[in-house]
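Each remark here refers to the structure printed beneath this line.
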Amino acid sequence: MRPFVSTDVEYLSADAEEQFVIAQANSPVDERGHFQSERLEARQGGHFISATPDQVDFVDLTPKQTVSVAASLIPFLEHDDANRALMGANMQRQAVPLVRPEAPLVATGMELRSATDSGQIVVAEKDGVVLSVTGEAITVRYDDGEEKTYRLFKFVRSNQGTCLNQRPIARKGQRVRRGDPLADSCSTDGGELALGQNLLAAFMAWEGYNFEDAIIISEAVVRDDRYTSIHIEKYEVEARDTKLGPEEITRDIPNVGEESLRDLDEWGVIRVGAEVRAGDILVGKITPKGETELSAEEKLLRAIFGEKAREVKDTSKRVDPGDWGRIIATRFFARPDPGHGQPGHQCRWPPYAEITEQMSVGINARVVVFVAQRRPITVGDKMAGRHGNKGVVARILPVEDMPHLPDGTPVDIILNPIGVPSRMNVGQVLETHLGWAARRLGFRAISPVFDGGNPKTIEDALSRVWLVEQAGALLPGPSGKPNPVGENVDYEKASAWLREQGYDPDKVFSDSDEHVGEAKRAALELWLEQQGETDVRGRPMAELDDRAERLLMERGVAAPTYGRQVLIDGRTGEPFQQPVTVGYIYMMKLIHLVEDKSHARSTGPYSLITQQPLGGKAQFGGQRFGEMEVWALEAYGAAHTLQEMLTIKSDDVVGRQKAYEAILKGEDIQERGVPESFKVLMRELQSLCLSVQPLREEEPVSLPETATAELPRLGIDLSGFEKEEEVLGP
């Protein structure tokens, strides 16, 4: 009796499985479950062995169980170096939710399950019919008579400042089954995980602008909002009790013009929908300050008008430097007034305020403002694929300048081919080839990890694209008729053409293992005949490959199985020297956006201890000019620039004030003081009981008599050098 693989599933613990011989999940079996190989790769007792079929006790359920969920989302994972696969898995977590997410053309089959288990999408709990659909809710009547309404969350801020949003995909009257998606989330498409976009990519150098993993994208990608994302910033302001009185949230702010208050309501809170920029007031707030000594003029004015101006200072919440956007929501939380809820009580808070006892001690009110930004992709943003192939956008080219296919289709993205061999993540090239075939023929490629497509099946897919094009059977869109090739193919026309050429379309278009290579053979033989080669029918496959390689080297023409296309320079209209690898690759936009990192400062806060500018964008700090940067300026002899860097641009308190005054008056900067770091050094030495005091250059140096008298007792002889010269001679 031959052993066969049954459908029974048995769960084994780690210690229990060591007793058995366990074959790999992707061991080839026929339709009856019999192993097709005489020797199988297996494991026993923690060691990898080669076993015969009759020695095998169990077979792994799936190859996916050896990797994480993130790694199982990487197609052709087995062709990627482990370091790059780790980067690819981690960078999927950093993908920004896009306005128009698109599911990958080349998937692994885990996208639906990972999206469903994330809890971000709404799925039907039972079989039923959709009663109503709006942007905020979906109502379903299940077959057991129960009606359930699912509320959708709209434009919610995530912890990373991105936008979480659910949108309905079910339609009114639609019949749904248990587990069917009713609403998509911000990173799903049709209920499947969708972290990026499928782009038409070319692996080539372009004027050096994709040097060192830099990326060139088309202006059409930006124009079509393919990588546009929504980011939400949260601002909070609290009104507290102080020793001088309570802070107030108000529109009445001292020394602020009406222009700055135009978008505030009567309570001092900005209105929803207002466009704001850096420095604009979001919430008006005043804080009481202590009495100050009045000048003679102020005393006279107060005596004449007999009123006392309010001693308050402006502590309003403003938009941070570099931020901008549109107000999408405001929330006002307040502590209840004494007598709240009693008849005739006049509440001092706005009518839209949420009265709550859940306020910290000393806080009377808290206002939260949400500012949304719509960010298209721009130069400096980070992009990455699923194979650890990351880079930064270096140029956004006009569509007319991008390389294009002979039919006029411009590519969307240009990647550097140098980034593939040394990184050993060849999975991106296989994905590109299979993506090309999937888009052209109109099918969805599912390639599970360790058990998916291989180079032979991908060559067949590329060959089918060429054969269908030669037959003139490629349709501009889905035909609506199911066929074994793809939705974009006129199957009858392609089959008839193949029969005319002497090939069996059932074998050429078959996906079964026994017909692997049939499409490649047909494509190579027909292509070689087109190139003028003779006696190609029925020759060994190795000979056909050699002939195709020779033609590539001699004439620069690529066989259909190579996945390389003739690209035309959009600027000159001339074809590039060599055929270029072109296909569809899945690329994500990552959270490392240039707008969050770019920063500039004119003046700003200084450290109280060192009097040097603070560091970092969050503190509105300056750029650190370190030790090696000083060496660079010294090497170039830039003495004046170096002195500015180390004094008035850093911790020379007096000097920077004088420089500021000189700039305002339009005069030359003359005076420079002593850097604070020198004073810190002096204090440090003085703390070690060393008397250190700075002297001017023109002042004579004199030691006190008492100090001179003590020198011999301390064993110090200031004339030592002179005596040494007398002994040794000049």
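Every letter in the sequence shown is one number past the one before it in numbering that gives the first Met the number 0, and letter 354, counting from 1, is 353.
No residue lacks a Cβ here, since even glycine has one placed at the ideal position from N, Cα and C.
The structure presented is a predicted model; accordingly, all values stated were derived computationally and were not measured.
- In this structure the stretch 256-275 does not touch the stretch 209-218; the number of beta carbon pairs closer than 8 Å is below three.
- Taking the Cα of residue 546 as reference, the smallest distance to any Cα among 559, 527, 85 and 11 is reached at 527.
- By the neighbour-count definition (other C-beta atoms within 10 Å, threshold 16), residue 396 is a buried residue.
- If you check the CB distance, residue 208 and residue 394 come in under 8 Å.
- Going by DSSP, residue 585 is part of no alpha helix (DSSP H) but of the beta strand (DSSP E) stretching over 579-588.
- Taking the Cβ atoms as the reference, residue 379 lies roughly 36 Å from residue 441, outside the contact range of under 8 Å.
- Residue 513 and residue 456 have their C-alpha atoms some 12 Å from each other.
- Taken in chain order, the whole alpha helix (DSSP H) runs of length 4 or more contained in the stretch 523-608 are 540-554 and 593-596.
- If you look at residue 681, you'll find it in the alpha helix (DSSP H) that goes 675-686.
- Taking a C-beta distance under 8 Å as the contact criterion, residue 201 and residue 433 do not qualify as a contact pair.
- Out of 472, 499, 673 and 477, the CA that lies nearest to the CA of residue 493 is found in 472.
- In this structure, residue 74 and residue 106 form a Cβ contact; the two beta carbons are roughly 7 Å apart against a cut-off of 8 Å.
- Residue 465 places its beta carbon 8 Å or farther from that of residue 320.
- Here residue 224 really is in contact with residue 99; their C-beta atoms are around 6 Å apart, less than 8 Å.
- In the three-state reduction of the DSSP assignment, residue 373 falls in the strand class.
- Minimum Cα-Cα distance from residue 238 among the listed residues 283, 177, 342 and 271 corresponds to 283.
- According to the DSSP secondary-structure assignment, residue 162 is paired through a beta bridge with 156.
- In terms of CA proximity to residue 389, 586 leads the group 690, 586 and 137.
- Contact holds between the stretch 605-614 and the stretch 643-655, because three or more Cβ pairs, one in each stretch, are under 8 Å apart.
- Counting C-beta atoms within 10 angstroms of its own C-beta, residue 256 has fewer than 16 neighbours from the protein chains shown and is therefore classed as exposed.
- Here the alpha carbons of residue 424 and residue 80 stand approximately 6 Å from one another.
- Excluding sequence positions up to five before and after residue 159, its CB lies within less than 8 Å of the CB of 590, all in the same chain and listed in chain order.
- Cβ neighbours of residue 57 within its own chain (closer than 6 Å, five residues either side excluded): 19 and 21.
- Residue state for residue 141 is assigned as strand, using DSSP reduced to three classes.
- In the three-state reduction of the DSSP assignment, residue 386 falls in the coil class, being assigned neither a helical nor a strand state.
- In the structure shown, the three-state DSSP call for residue 177 is coil.
- Residue 331 carries a strand assignment under DSSP once its states are collapsed to helix, strand and coil.
- Under the DSSP assignment, residue 657 falls in the alpha helix (DSSP H) whose first and last residues are 652-664.
- For residue 504, the enclosing alpha helix (DSSP H) has its first and last residue at 504-507.
- One Cα belongs to residue 684, the other to residue 367, and the distance between them is close to 50 Å.
- Comparing alpha carbon positions, the residue from 598, 641, 608 and 606 closest to residue 622 is 598.
- Classified as buried, residue 203 has 16 or more neighbouring CB atoms from the shown chains inside 10 Å of its CB.
- In this structure, DSSP gives residue 228 an extended state, which the three-state scheme calls strand.
- The alpha-carbon of residue 279 is positioned some 42 Å away from that of residue 633.
- Fully enclosed alpha helix (DSSP H) runs of no fewer than 4 residues occupy 218-222 of the stretch 194-254, in order along the chain.
- In this structure the stretch 122-132 does not lie against the stretch 248-255, because fewer than three pairs of beta carbons, one per stretch, are closer than 8 Å.
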